[in-house]
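*Asks:* Taking full-length UniProt numbering, the leading residue of the sequence shown gets 1, the next gets one more, and so forth. Just so you know, even glycine gets a beta-carbon here, dropped at the ideal spot from N, CA and C.
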Amino acid sequence: MRLTHTAPGQRLLAEDDRIALGQLLPGEVQEWCLSRILEYQKNNRLLREWYGAAARNAVSKNKDHIRAIRSACNDAALINRHLPPEILMEIFSHVHPATLMPRPRVPVLGVCCYWRRLLFHAPQFWANLLSLPSWKSWIAEYHHEVRRFGAAMALSAPQILTISIPYCYPFIADILASHAARLSSLKVGPTEYDVGSIARVLEQDMPLLTHLVVLYQLPLDLKHAAIFTLSLPRYPNIRTIEFEGAHFYIPAAPSTSLRHLKLTRCAVLPPPPSTVRALCAMLAALRSFPNLETLSLIYSLSADDPRGNTLPLPVLKETAHLPCLRRLELEDLPAYIPLFLSHLVLPSTTTLVLEPVYMRDYSRRSLVIPLFPGINASPPSPPDMEFSLSLYCRMKRNRMWRAG
Numbered sequence: 001m002r003l004t005h006t007a008p009g010q011r012l013l014a015e016d017d018r019i020a021l022g023q024l025l026p027g028e029v030q031e032w033c034l035s036r037i038l039e040y041q042k043n044n045r046l047l048r049e050w051y052g053a054a055a056r057n058a059v060s061k062n063k064d065h066i067r068a069i070r071s072a073c074n075d076a077a078l079i080n081r082h083l084p085p086e087i088l089m090e091i092f093s094h095v096h097p098a099t100l101m102p103r104p105r106v107p108v109l110g111v112c113c114y115w116r117r118l119l120f121h122a123p124q125f126w127a128n129l130l131s132l133p134s135w136k137s138w139i140a141e142y143h144h145e146v147r148r149f150g151a152a153m154a155l156s157a158p159q160i161l162t163i164s165i166p167y168c169y170p171f172i173a174d175i176l177a178s179h180a181a182r183l184s185s186l187k188v189g190p191t192e193y194d195v196g197s198i199a200r201v202l203e204q205d206m207p208l209l210t211h212l213v214v215l216y217q218l219p220l221d222l223k224h225a226a227i228f229t230l231s232l233p234r235y236p237n238i239r240t241i242e243f244e245g246a247h248f249y250i251p252a253a254p255s256t257s258l259r260h261l262k263l264t265r266c267a268v269l270p271p272p273p274s275t276v277r278a279l280c281a282m283l284a285a286l287r288s289f290p291n292l293e294t295l296s297l298i299y300s301l302s303a304d305d306p307r308g309n310t311l312p313l314p315v316l317k318e319t320a321h322l323p324c325l326r327r328l329e330l331e332d333l334p335a336y337i338p339l340f341l342s343h344l345v346l347p348s349t350t351t352l353v354l355e356p357v358y359m360r361d362y363s364r365r366s367l368v369i370p371l372f373p374g375i376n377a378s379p380p381s382p383p384d385m386e387f388s389l390s391l392y393c394r395m396k397r398n399r400m401w402r403a404g
């Protein structure tokens, strides 16, 4: 669609200025506008000198006229009169508005009416804008500006989107759900607000989604936690999932595309009314991801027994095979780590990063790690050894000491 670059009447133009502009040739507009702006500025100086604060309304009205004339001046620029609109729209599609404004606004929209009309027909510009972290801060600080987020989402169609938002209230989830088919990356949080509304987004078909991150920073509490159902066939190209404090049921169907999984304080649960322990459910879920390359589980093996003194260790009967795994990171209670490892089948080249966490003094006991075929039980002593000790205390008077 070819857009005309004839500027419409400026909303804040004085009637005399509107008539004068209508009588000018295109090449005369800018010179007249600059001269007229100087007249208004001189008039404002005189008003302040003669009447002071009493002239506030008149000065404000003149400023509105100046802004309207500047817009008309920009409309008449040579670039607007000689470049086809298609070229300008192509230029705008490569503009990345990287400046983080203190308030949610897009300065380029105020350059002139002509540019504003073109930008409303340049979806890539809005897709670039939505990928900025500024949207995240704007939505967090100015809740009423969410409507601008929704407008930008609509104007970006049909471009592929990378979205990062601080939280997901129901009205934000509605916006995301209506554009879910265009999402390639979605990150929610870190946040202390309820993330349950993201469930309606996860129910949508997202054929382009490759990265999904939901970070809910609250203590693990399965009674009040948001629990999601991952419909993996709805996002067939998913490669990375990272959840924190956001729990999900064992997937009903496997995903061969998932390569990276990181779960922090995240419980994998069996579908109700089953009462399978969290560690058993974790192994069942991992069998749905046969092509995992990296796996990080932090406080997720003992999710239903976070203190390690409430329930006995679960009895595991099945094994998960992860033939493509390159790196495995485990941080949890000591008793759960070897139990979990004993029911995994991994390549001998997998890098293991194991960090047992002792919650109480009486839980301190030796950590026995099973060895896998191909691992040398007695590797040669390295010439150098590194020791790192971190002591953390909740008391404000105490300091944190770290020695390396």
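Helix, strand or coil, according to DSSP, for residue 327 in the structure here?
*Replies:* Strand.
*Asks:* Rounded C-beta distance between residue 316 and residue 280? I'm assuming under 8 Å.
*Replies:* That belief holds up - the Cβ atoms of residue 316 and residue 280 are roughly 6 Å apart, short of 8 Å.
*Asks:* Assuming residue 71 is part of the alpha helix (DSSP H), what are its boundary residues?
*Replies:* First-last of the alpha helix (DSSP H) with residue 71: 56-75.
*Asks:* Measuring straight from C-alpha to C-alpha, what distance separates residue 297 and residue 207?
*Replies:* If I take the Cα positions, the gap works out to 27 Å.
*Asks:* Got a sec? Which residues, its chain only, sit under 6 Å from residue 353 by beta carbon, not counting five neighbours each side?
*Replies:* Closer than 6 Å at Cβ, skipping near neighbours: 329.
*Asks:* Would a C-beta distance cut-off of 7 Å place residue 191 and residue 169 closer than the cut-off?
*Replies:* Taking 7 Å as the Cβ cut-off, residue 191 and residue 169 do not qualify as a contacting pair.
*Asks:* Looking at the secondary structure, which residues open and close the beta strand (DSSP E) in which residue 185 lies?
*Replies:* 183-191 is the span of the beta strand (DSSP E), which, as asked, contains residue 185.
*Asks:* Quick one: residues in its chain with C-beta nearer than 6 Å to the C-beta of residue 282, no 5 flanking neighbours on either side, listed in chain order?
*Replies:* Cβ within range, chain order: 268.
*Asks:* Could you round the C-beta distance between residue 153 and residue 172 to whole angstroms and report it? I think they count as a contact, below 8 Å.
*Replies:* About 10 Å separates the two Cβ atoms, so there is no contact after all.
*Asks:* Hey, quick one: how far does the beta strand (DSSP E) through residue 353 stretch, first residue to last?
*Replies:* Counting along the chain, the beta strand (DSSP E) containing residue 353 begins and ends at 351-356.
*Asks:* For the beta strand (DSSP E) holding residue 29, just list the boundary residues, first then last.
*Replies:* No beta strand (DSSP E) contains residue 29, which is instead part of the alpha helix (DSSP H) from 29-51.
*Asks:* My understanding is that residue 300 touches residue 324, with C-beta atoms under 8 Å, so please give their C-beta distance in whole angstroms.
*Replies:* In fact, because the Cβ distance is near 20 Å, the residues do not count as touching under 8 Å.
*Asks:* Return helix, strand or coil for residue 202, following the three-state DSSP convention.
*Replies:* Here residue 202 sits in helix by DSSP.
*Asks:* Look at residue 33 and residue 71 and say whether their C-beta atoms are less than 7 Å apart.
*Replies:* Cβ atoms of residue 33 and residue 71: not closer than 7 Å.
*Asks:* Between residue 182 and the rest of its own chain, which residues show a CB-CB distance below 6 Å, the 5 nearest in sequence each way excluded?
*Replies:* Within the same chain, residue 182 has close Cβ partners 160 and 161.
*Asks:* For residue 230, which residues in the same chain have their Cβ closer than 6 Å to its Cβ, ignoring the five residues on either side in sequence?
*Replies:* Answer for residue 230: 248 and 251, listed in chain order.
*Asks:* To which residues of the same chain is residue 287 closer than 7 Å at the C-beta, ignoring the five residues directly before and after it?
*Replies:* Correct list, in chain order: 320.
*Asks:* Apart from the five residues on each side of it in sequence, which residues of its chain come closer than 6 Å, Cβ to Cβ, to residue 186?
*Replies:* Within the same chain, residue 186 has close Cβ partners 163 and 212.
*Asks:* Return the residue from the list 90, 254, 263 and 259 that minimises the CA-CA distance to residue 284.
*Replies:* The residue with the shortest Cα to Cα distance from residue 284 is 254.
*Asks:* Which class does residue 241 belong to by DSSP, given the choice of helix, strand or coil?
*Replies:* Strand.
*Asks:* Under three-state DSSP, which class holds residue 164?
*Replies:* Note: residue 164 maps to strand in three-state DSSP.
*Asks:* Take residue 12 and list the residues in its own chain whose beta-carbon comes closer than 8 Å to its own, dropping the five residues that flank it on each side.
*Replies:* Contacts found: 64, 65, 67 and 68.
*Asks:* Counting C-beta neighbours from all protein chains within 10 Å, is the total for residue 157 16 or more, i.e. buried, or is it exposed?
*Replies:* Looking at its Cβ environment, which holds fewer than 16 other Cβ atoms inside 10 Å, residue 157 is exposed.
*Asks:* Could you name the residues that DSSP lists as bridge partners for residue 82?
*Replies:* Partner(s): none; residue 82 has no beta bridge.
*Asks:* When you compare the region 45-58 with the region 78-95, are there three or more beta-carbon pairs, one atom per stretch, that lie closer than 8 Å?
*Replies:* Flag = no, the region 45-58 and the region 78-95 do not touch.
*Asks:* Once the 5 residues before and after residue 233 are set aside, which same chain residues still bring their CB inside 6 Å of it?
*Replies:* So the list reads 253, once near-sequence residues are dropped.
*Asks:* Near residue 326, what residues of its chain come up, given a Cβ to Cβ distance below 7 Å and the 5 sequence neighbours on each side ignored?
*Replies:* Here the set comprises 293, 294, 350 and 351.
*Asks:* Is residue 226 closer than 7 Å to residue 195 when the C-beta atoms are compared?
*Replies:* Contact: yes.
*Asks:* Would DSSP call residue 11 helix, strand or coil?
*Replies:* Correct three-state label for residue 11: coil.
*Asks:* Can you tell me whether residue 16 is buried or exposed? The criterion is at least 16 other CB atoms within 10 Å of its CB, across all chains shown.
*Replies:* With fewer than 16 other Cβ atoms within 10 Å, it is exposed.
*Asks:* Going by Cα to Cα distance, which pick from 240, 336 and 289 is closest to residue 277?
*Replies:* With distances taken between Cα atoms, residue 277 lies closest to 336.
*Asks:* Going by C-alpha to C-alpha distance, which of 257, 47 and 340 sits closest to residue 210?
*Replies:* When only C-alpha atoms are compared, the closest one is 257.
*Asks:* Could you check if residue 198 is buried or exposed, using at least 16 other CB atoms within 10 Å of its CB as the buried criterion?
*Replies:* Under this definition residue 198 is a buried residue.
*Asks:* May I ask you to report which of helix, strand or coil DSSP gives residue 332?
*Replies:* Strand at residue 332.
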